[in-house]
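Remarks on the structure that follows.
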Amino acid sequence: MNKISLQLVTHDNFTAVTKLSDTLTDDQKKCVATNVKSLAQAYLSPNDAWPRAIYLNDTPIGFIMLDLNPDDIPNNEKAYYLWRYMIAFDYQGKGYGKEVLDLIVNKCKEDQKDFLYTSCVMENDMPYQFYLKYGFIDTGVLEEDEEVLKLDISSKI
Ligand SMILES: CC(C)(COP(=O)(O)OP(=O)(O)OC[C@H]1O[C@@H](n2cnc3c(N)ncnc32)[C@H](O)[C@@H]1OP(=O)(O)O)[C@@H](O)C(=O)NCCC(=O)NCCS
């Protein structure tokens, strides 16, 4: 059975993880920074960034990074921010993206966070529709040209 897991980025998988960015279409590349840039930012913010490689069994197929201490969260809500997220082109549309969000929701629950925020560019249906379908709501707030979306963790059983 296929198993999705989140694993540390190490010397062993660094090259494979960074190469995944090359698989995205030109449109998709506008939606998410390269994984190498995200990992550089994680190095600069070690207390905030939570970067993980997404594995399908033993194969790295994507990358995700949370901000564990996001600024600008309203009303002192306990929240994480989904900072970066990508699945390699050949593995998209197979339900893995949704499965990864389930793992992140579990982490939010374990860490007693009430909300997960993210933001996305609005040029195309994706990834906006993907997030709405999962349960995120559109806050109507625009930040740096990206629409801010919010997931109520308690809405996910
Ligand atoms: C966004 C992304 C992570 C989604 O991962 P994925 O594995 O392709 O998504 P899934 O296959 O799990 O799809 C989940 C749901 O979204 C829906 N969906 C997928 N593409 C869609 C589209 N173009 N329009 C509407 N819904 C769509 C699927 O139908 C599925 O719904 P279902 O479970 O009811 O069938 C992935 O496509 C990706 O990496 N895109 C490029 C980078 C990017 O945009 N990252 C986000 C930065 S904010």
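Every position in the sequence shown, counted from 1, becomes a number in the working numbering once 25 is added.
A virtual CB, placed ideally from N, CA and C, is assigned to each residue, including glycine.
For residue i versus residue j, is the C-beta distance shorter than 9 Å?
| i | j | result |
| --- | --- | --- |
| Phe140 | Lys181 | no |
| Met111 | Leu45 | yes |
| Val146 | Cys56 | yes |
| Leu107 | Ile129 | yes |
| Cys133 | Tyr105 | yes |
| Phe114 | Thr35 | no |
| Tyr97 | Glu168 | The displayed chain sequence assigns Asp, not Tyr, to residue 97. Against a cut-off of 9 Å, the Cβ pair of Glu168 and Asp97 comes out as a contact. |
| Ile89 | Lys138 | no |
By Cβ distance, which residues of its chain are closer than 6 Å to residue i, with the 5 residues on each side in sequence left out?
| i | result |
| --- | --- |
| Ala67 | Ala74, Pro76 |
| Tyr156 | Leu174 |
| Gln85 | Strictly speaking, residue 85 in this sequence is Pro, with Gln absent from that position. So the list reads Asn38, Ala41, Val42, Ala78, once near-sequence residues are dropped. |
| Tyr116 | Ile86 |
Name the DSSP beta bridge partners of residue i, please?
| i | result |
| --- | --- |
| Val172 | One detail in the question is off: residue 172 reads as Glu in this sequence, not Val. The partner list for Glu172 (beta bridge, DSSP) reads Cys145, Leu167. |
| Ile129 | Ile129 is not bridged to any residue. |
| Asp177 | Phe140 |
Which residue comes first and which comes last in the beta strand (DSSP E) that contains residue i?
| i | result |
| --- | --- |
| Phe88 | 84-92 |
| Leu31 | 29-32 |
| Ala104 | 104-112 |
| Tyr116 | Tyr116 -> no beta strand (DSSP E), and no H or E assigned at all. |
| Leu49 | Where Leu49 is concerned, there is no enclosing beta strand (DSSP E), given that its DSSP letter is neither H nor E. |
Keeping to the same chain, check which residues put their C-beta closer than 7 Å to that of residue i; ignore five residues upstream and five downstream.
| i | result |
| --- | --- |
| Asn82 | Asn27, Lys28 |
| Pro152 | Cys56, Cys145 |
| Gly122 | Ile112, Phe155 |
| Asp52 | Asn149 |
In the DSSP assignment, the alpha helix (DSSP H) including residue i goes from what residue to what residue?
| i | result |
| --- | --- |
| Leu45 | That residue, Leu45, is in no alpha helix (DSSP H); it is neither H nor E in DSSP. |
| Ala65 | 60-69 |
| Lys55 | Lys55 -> no alpha helix (DSSP H), and no H or E assigned at all. |
| Phe155 | 153-159 |
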